[in-house]
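**Student:** Have a look at the structure that comes next, please.
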Amino acid sequence: MQIQPGPTSNRFISQRLRLNYADWGNPDAPLLILQHGGRDHCRSWDWVAQELRHDWHVVCPDLRGHGDSEWSPEGHYGMDAFVYDFAQLVHTLGREKVTIIAHSLGGNIATRFTGLYPDRVAKFVNIEGLGPAPAMRRAQETRDAGERLRQWIEDKRQASGRTVRKYANLRDAYQRMKRENAFLTDEQARHLTVHGASRNEDGTWSWKFDNYLNVWSASDLPTDQVVALWEAITCPMLLLWGTNSFASSPASDERLKHLPTAQLIEYENAGHWLHHDQFDRFVADVKSFLS
Numbered sequence: 081m082q083i084q085p086g087p088t089s090n091r092f093i094s095q096r097l098r099l100n101y102a103d104w105g106n107p108d109a110p111l112l113i114l115q116h117g118g119r120d121h122c123r124s125w126d127w128v129a130q131e132l133r134h135d136w137h138v139v140c141p142d143l144r145g146h147g148d149s150e151w152s153p154e155g156h157y158g159m160d161a162f163v164y165d166f167a168q169l170v171h172t173l174g175r176e177k178v179t180i181i182a183h184s185l186g187g188n189i190a191t192r193f194t195g196l197y198p199d200r201v202a203k204f205v206n207i208e209g210l211g212p213a214p215a216m217r218r219a220q221e222t223r224d225a226g227e228r229l230r231q232w233i234e235d236k237r238q239a240s241g242r243t244v245r246k247y248a249n250l251r252d253a254y255q256r257m258k259r260e261n262a263f264l265t266d267e268q269a270r271h272l273t274v275h276g277a278s279r280n281e282d283g284t285w286s287w288k289f290d291n292y293l294n295v296w297s298a299s300d301l302p303t304d305q306v307v308a309l310w311e312a313i314t315c316p317m318l319l320l321w322g323t324n325s326f327a328s329s330p331a332s333d334e335r336l337k338h339l340p341t342a343q344l345i346e347y348e349n350a351g352h353w354l355h356h357d358q359f360d361r362f363v364a365d366v367k368s369f370l371s
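Be aware that the sequence shown starts at 81, since it is given in this note's numbering, and climbs by one per residue.
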């Protein structure tokens, strides 16, 4: 999985933020958007992009507050903002139809977009990206609204005073990356660290993502409305889940039945980042599905 230089860095404007995306060229080919997950960045797709760039026009956006995209000045990272940003990217790129591969938070965002605009998505690969299981969401929704808002205010206030974690050098950040995901090879961890950290004024290094991302929005669509968006999806959909992941599989809860066009594949010896953990199998499954 050797990475060669390739993508150009581009910007688009969404809700007054300058958001970044990596463009792998081949503009006459069908458009394929690779959307990363929470506290990740667009260059984590480089291995996948290298495999698909010859058949697709591959575009990999950085979510707001991630990678080389700007941070929200008010720390707004609700799902409404993320979905709007994704819709704005599709609008900016100007294609009638797109194909999407998305992971985790990115999958949650792209699933909602696909339900909102089912005619705009040709095919969709979702990697552990449906958000919390419905039972967990409903438990949250039953909490008193005042209690939820008070907790959100307190969490935001604490985030404003949180000191950004600093690493003396990139090797320390790399070692942290390795501890977070034992499945990563040394080469993968190095690449993700180099593109995921930036140097501070004092010479230390920190991850590029905004600390406010750790505070979830106090409000979201009710579960039944989220499910309605899932049920509105009409394109072929491939769900991929790692058996070693912290995220529960749609096969073990009630989510799969709300995705009538979806096929589920579970990966053994893979965690939440299964596209890193089982790269060769992942690429083979994706190429088969997209063809």
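Positions of the beta carbon are idealized from the N, C-alpha and C atoms, including for glycine.
Taking just the CA atoms, how far does Leu-301 sit from Leu-370?
**Tutor:** Cα to Cα, the separation comes out at about 31 Å.
**Student:** Under 8 Å Cβ to Cβ from Pro-214, same chain only, skipping five residues before and after it: list those, please.
**Tutor:** Once the five neighbours on either side are set aside, the close Cβ partners of Pro-214 are Thr-303, Val-307, Asp-333, Glu-334, Arg-335.
**Student:** Would you be able to state if there are at least three C-beta pairs under 8 Å between the stretch 216-232 and the stretch 310-326?
**Tutor:** The answer is no - the stretch 216-232 does not touch the stretch 310-326, with fewer than three Cβ pairs under 8 Å.
**Student:** Report the residue from Phe-362, Asp-126, Phe-166 whose alpha carbon sits nearest the alpha carbon of Val-201.
**Tutor:** Phe-166
**Student:** Where in the stretch 256-287 do unbroken runs of the alpha helix (DSSP H), each at least 4 residues long, occur, reported from the N-terminal end onward?
**Tutor:** If we require 4 residues or more, the alpha helix (DSSP H) runs fully inside the stretch 256-287 come out as 266-276.
**Student:** Please specify which runs of the beta strand (DSSP E), each continuous and at least 3 residues long, are wholly inside the stretch 137-190, giving them in chain order.
**Tutor:** 137-141, 178-183
**Student:** Taking the alpha-carbon of Ser-89 as reference, which of Arg-98, Gln-95, Gly-211, Ala-102 has the nearest alpha-carbon?
**Tutor:** Taking each of Arg-98, Gln-95, Gly-211, Ala-102 in turn and checking the Cα distance to Ser-89, the smallest one comes out for Ala-102.
**Student:** Who are the Cβ neighbours of Glu-348 in its own chain at under 6 Å, not counting the five residues just before and after it?
**Tutor:** Thr-323
**Student:** Go to Leu-354, then tell me how far its alpha helix (DSSP H) extends in each direction, as first and last residue.
**Tutor:** Element bounds for Leu-354: 354-357.
**Student:** So, do the stretch 229-243 and the stretch 337-348 have three or more beta carbon pairs nearer to each other than 8 Å?
**Tutor:** no
**Student:** When we look at the beta-carbon of Lys-203 and count the other beta-carbons within 10 Å, is it buried (16 or more) or exposed?
**Tutor:** buried
**Student:** Which residues does DSSP pair with Ala-102 in a beta bridge?
**Tutor:** Looking at the DSSP assignment, Ala-102 forms a beta bridge with Ser-89, Cys-140.
**Student:** Grab me the residues of Asn-188's own chain with a C-beta within less than 6 Å of its C-beta, minus the 5 sequence neighbours each way, in chain order.
**Tutor:** Gly-209, Gly-211
**Student:** Measure the alpha-carbon distance for Gln-130 versus Arg-223 and round it to whole angstroms.
**Tutor:** 46 Å
**Student:** With distances taken from CA atoms, which of Met-257, Met-216, His-137 is nearest Thr-179?
**Tutor:** His-137
**Student:** Just confirm the distance between the C-beta atoms of His-156 and Lys-288, as a whole number of angstroms; I'd bet it's less than 8 Å.
**Tutor:** With 8 Å as the limit, His-156 and Lys-288 do not qualify as a contact, their Cβ atoms being about 18 Å apart.
**Student:** Please report the Cβ distance between Leu-250 and Trp-285, rounded to the nearest whole angstrom; I am assuming they are in contact, meaning their Cβ atoms lie under 8 Å.
**Tutor:** 6 Å
**Student:** In the structure shown, what three-state DSSP assignment does Gln-115 receive?
**Tutor:** If DSSP states are grouped into helix, strand and coil, Gln-115 belongs with the strands.
**Student:** Just mark Ala-248 as buried or exposed, buried being the case when its beta carbon has 16 or more other beta carbons within 10 Å.
**Tutor:** Taking every protein chain shown into account, the CB of Ala-248 has fewer than 16 other CB atoms within 10 angstroms, so this residue is exposed.
**Student:** For Val-366, does the three-state DSSP call read helix, strand or coil?
**Tutor:** Val-366: helix per DSSP, three-state reduction.
**Student:** What are the boundary residues of the alpha helix (DSSP H) that includes Gly-322?
**Tutor:** Premise fails: Gly-322 lies in the beta strand (DSSP E), 317-322, not in any alpha helix (DSSP H).
**Student:** With the cut-off set at 8 Å, would you say Trp-321 and His-338 are in Cβ contact?
**Tutor:** no
**Student:** Thinking just about the alpha-carbon of each residue, which of Leu-111, His-275, Lys-177 is nearest to the one in Asp-199?
**Tutor:** Lys-177
**Student:** Does the count of Cβ pairs from the stretch 353-361 and the stretch 263-272 closer than 8 Å reach three?
**Tutor:** yes
**Student:** Report the three-state DSSP secondary structure of Leu-339 (helix, strand or coil).
**Tutor:** In the structure shown, Leu-339 sits in coil (DSSP, three-state: anything other than H, G, I, E or B).
**Student:** Nearest CA to the CA of Arg-91: which residue from Pro-110, Asp-120, Arg-133, Val-139?
**Tutor:** Val-139
**Student:** For the beta strand (DSSP E) containing Lys-246, name the first residue and the last one.
**Tutor:** Neither: Lys-246 is in no beta strand (DSSP E) and is coded neither H nor E.
**Student:** For Asn-100, count neighbouring C-beta atoms within 10 Å of its own C-beta (all shown protein chains included) and say buried if the count is 16 or more, exposed if not.
**Tutor:** So Asn-100 ends up on the buried side.
**Student:** Rounded to the nearest angstrom, how far is the Cβ of Ile-313 from that of Thr-172, given a contact under 8 Å?
**Tutor:** Not confirmed; about 23 Å, so no contact.
**Student:** For Gly-158, which residues from the same chain have a beta carbon less than 6 Å from its beta carbon, with the 5 sequence-adjacent residues on both sides left out?
**Tutor:** Ser-297
**Student:** Beta-carbon separation of Leu-143 and His-116 under 8 Å?
**Tutor:** yes
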